[in-house]
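What follows is one structure encoded as structure tokens, with my remarks underneath.
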Amino acid sequence: VSKTVHFSLQQSATQYLLQVDAIARESQQTLDQLNSRAPHSCSAANLAAMRRVLISARYIRDITYYDDSGALCSASSGKLDFAYPHGEPSFYSLQNSSIWLDQPLGDFSQRVNGTVVRQRDYSVSIVSDIDSAPPRNDVRWQTVNTAGTTAAHIAGYTGLYIAGTGGDTLATLAWPHYFYQQCSSYSRFCLSQQFSFYTLAQRYPFQSSIVLLAVIALSVLAWFGWRQLAVRRHSLRYRVRNGLRKGYFSVVFQPIIDLQHNRLIGCEVLARYRDPLGSLSPLQFIPLLSQLGLSGRFTCFIAKQALTELSKLHNLPEQFHLSLNVYPHDIASGQILELLQLPEVQQRRIKLVLEITEQQELSFSSATQHLAELKAAGLQLSIDDFGTGYSNLTSLRSLNADYLKIDKSFIQDMEADSIKSTLIPKIRDIARLLNYSIVAEGIENISQASLLRSLGIELGQGWHFAKAMPLAEFDNWLQHKLQQDYPNQRKKA
Ligand SMILES: Nc1nc2c(ncn2[C@@H]2O[C@H](COP(=O)(O)O[C@H]3[C@@H](O)[C@H](n4cnc5c(=O)[nH]c(N)nc54)O[C@@H]3COP(=O)(O)O)[C@@H](O)[C@H]2O)c(=O)[nH]1
């Protein structure tokens, strides 16, 4: 389609510019011929010579002779009554011709306007349709002359000509507008045309329908592509993967309390997610990270982030614990050992406790060696969500952990003496047998805290003490708590 359109535009513009060149050539040759004659005057012999030239010309309608005061005689009118002055020319062309556009050529029987081209003592007047009849009249067009330093507007719409585009250029402007420009080689005239797809559609109905179909097909494809992208970007998998790359995960800290002395001994770090589409719950992103094979990277990120943030707090209690949830399969695979490479983990100020949920079965054969390496590196282990999963006494013993964390489902309804809560003393006995400290999680009120204290449970956490908080809030809470716990101690610098 573009070839057909291009060819057709090229043909008509070439025809038009060839005519312009022919007029320019005839004008130039005539002026050269007259200017080279001597003597220059309005003598009968000179007027006769001017008329002979005029008769053989194809485009020139009159020839005028000048001296410094103005036009003195012309081939059509003979001697003029007075020297007729010209105003400023419209532009200067090649060989320093002065050109006046749209001049009234008043000495013809009918009043007509035309173009006057003057060089030295002579001018030629041309009446042609090149400035009023472009090759196509259903397009916007402009003719300019580029012989001077700037393009001189000759006819048509102003502002269509694009400098530097050169000749014979077909381009799509903003769809559905097209642009075509061609310049003549001799007279330096350029013809610029601008037209819309609708003009094409009228002229080339078949080709245009192909273009239109192609545009529709491309738009539909682009729409589907965009929709697919939007769906993908909204999918949880994309968000979680992207979140790890872009840092949409953050950490919050929930205090862990020594129930017997009501003192802060550490905290648990919990992950949070927020991206421009909103928040995701850990229950959504924790299993997904595992399915995406990103659990190891994620655990390292959370550990690094939590330790970096906590290291900014200067008055953490001695032997402060940071409990970090880890994926049991990362222990079995050994990926968890990557934690030991982190400089933040290697520092000894904060004790790292790895919480391994009991809800997922741990492959003991491969895990034992890795757990031993973690413990040898100074990390502690805690069995999380105890009472909800797979542990038996043998597996508990072989894990060689330090803490046993009673699941919150045992704590809830403790005050109402629920069946589950009656098992707490039994869990406590098992923990003592194995030399584990007990942490009770999900303590929501004072009566649960008192009951657990009376049962000899050492450690606890839950909303009764504080919810999980971002660092700044945790710091405020910590200052307040330290004031309570150590009222006589001055703040550390
Ligand atoms: N492997 C990783 N797992 C993580 C990480 N961050 C969180 N998680 C696990 O996601 C589960 C849901 O966590 P979350 O929504 O943060 O809920 C925790 C507490 O906010 C909530 N909690 C704490 N106190 C109370 C309470 O008094 N009542 C109550 N109803 N809920 C409370 O319990 C969740 C902590 O659970 P646990 O880890 O078992 O101590 C959860 O399984 C997280 O483990 C991560 O970084 N890595």
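Sequential numbering from 1 applies to the sequence shown in mature numbering (1 follows the signal peptide of the UniProt record, and there is no 0).
Think of the CB as a built atom: it goes at the ideal place given N, C-alpha and C, for glycine as much as any other residue.
By Cβ distance below 7 Å, which residues in the same chain neighbour residue 482 in space, the five residues on each side in sequence not counted? 315
Compare the beta carbon distance of residue 253 and residue 301 with 8 Å and say whether it is the shorter of the two. no
Nearest to residue 105 by CA position, among 126, 87, 462, is which residue? 126
Cβ-heavy atom distance, residue 243 to ligand 1, below 7 Å: no
If you count every other CB in all the chains shown that lies within 10 Å of the CB of residue 399, and 16 or more means buried, which is it? buried
Give the straight-line distance between the Cα atoms of residue 12 and residue 6, rounded to the nearest whole angstrom. 10 Å
At the level of alpha carbons, what is the spacing between residue 479 and residue 257? 15 Å
Taking Cβ to Cβ, would you say residue 269 is nearer than 8 Å to residue 322? yes
Beta-carbon separation of residue 144 and residue 154 under 8 Å? yes
Which residues in the same chain as residue 456 place their Cβ atom closer than 7 Å to its Cβ, once the five residues preceding and following it in sequence are excluded? 428
CB of residue 326 to nearest heavy atom of ligand 1: below 7 Å? yes
Any heavy atom of ligand 1 closer than 7 Å to the beta-carbon of residue 463? yes
Can you name the residues that DSSP bridges to residue 273? 249, 280
Examine ligand 1 and report whether any of its heavy atoms sits within less than 7 Å of the Cβ of residue 413. no
Would you check if the segment 372-383 and the segment 292-310 touch, i.e. whether three or more CB-CB distances between them fall below 8 Å? no
Would you kindly work out how many angstroms separate the C-alpha atoms of residue 176 and residue 204, rounded to a whole number? 15 Å
So does the segment 183-190 actually touch the segment 83-90, counting three or more Cβ pairs closer than 8 Å? no
Buried or exposed: residue 32, going by 16 or more other Cβ atoms within 10 Å of its Cβ? exposed
Just checking residue 216 against ligand 1 - is the residue's beta carbon closer than 7 Å to any of the ligand's heavy atoms? no
Below 6 Å CB to CB, which residues in the same chain sit around residue 402 once its five sequence neighbours on both sides are set aside? 380, 381
Would you identify the three-state DSSP class for residue 296, choosing helix, strand or coil? helix
Determine whether the Cβ of residue 435 lies closer than 8 Å to any Cβ atom of chain B. The chain inventory of the structure shown lacks chain B, comprising one protein chain alone.
For residue 463, count neighbouring C-beta atoms within 10 Å of its own C-beta (all shown protein chains included) and say buried if the count is 16 or more, exposed if not. exposed
Please classify residue 108: does DSSP put it in a helix, a strand, or coil? Per-residue confidence for residue 108 stands at a pLDDT of 47, beneath the threshold of 50, marking its modelled position as unreliable; the derived number appears in the next sentence. Coil, per DSSP.
How many Å lie between residue 101 and residue 50 at the Cα? 22 Å
DSSP three-state label for residue 388, please. coil
Distance CB(residue 385)-CB(residue 417) smaller than 8 Å: no
For residue 42, which residues from the same chain have a beta carbon less than 7 Å from its beta carbon, with the 5 sequence-adjacent residues on both sides left out? 65, 72, 73, 79
I need the DSSP call for residue 349, collapsed to helix, strand or coil. coil
Entirely within the segment 59-99 and at least 3 residues each: give me those beta strand (DSSP E) ranges in chain order. 60-67, 70-74, 78-84
Under 6 Å Cβ to Cβ from residue 441, same chain only, skipping five residues before and after it: list those, please. 405, 408, 461
State buried or exposed for residue 220, treating a residue as buried only when at least 16 other CB atoms are found within 10 Å of its CB. exposed
My assumption, with CB atoms under 8 Å, is that residue 198 sits in contact with residue 9. Please give the rounded CB distance. That pair is no contact at about 16 Å.
On the criterion of 16 or more Cβ atoms from any shown chain inside 10 Å, does residue 20 qualify as buried, or is it exposed? buried
Run the CB neighbour count on residue 327, radius 10 Å, all protein chains shown included, and call it buried at 16 or more, exposed below. buried
Minimum C-alpha distance to residue 339 - residue among 361, 307, 454: 307
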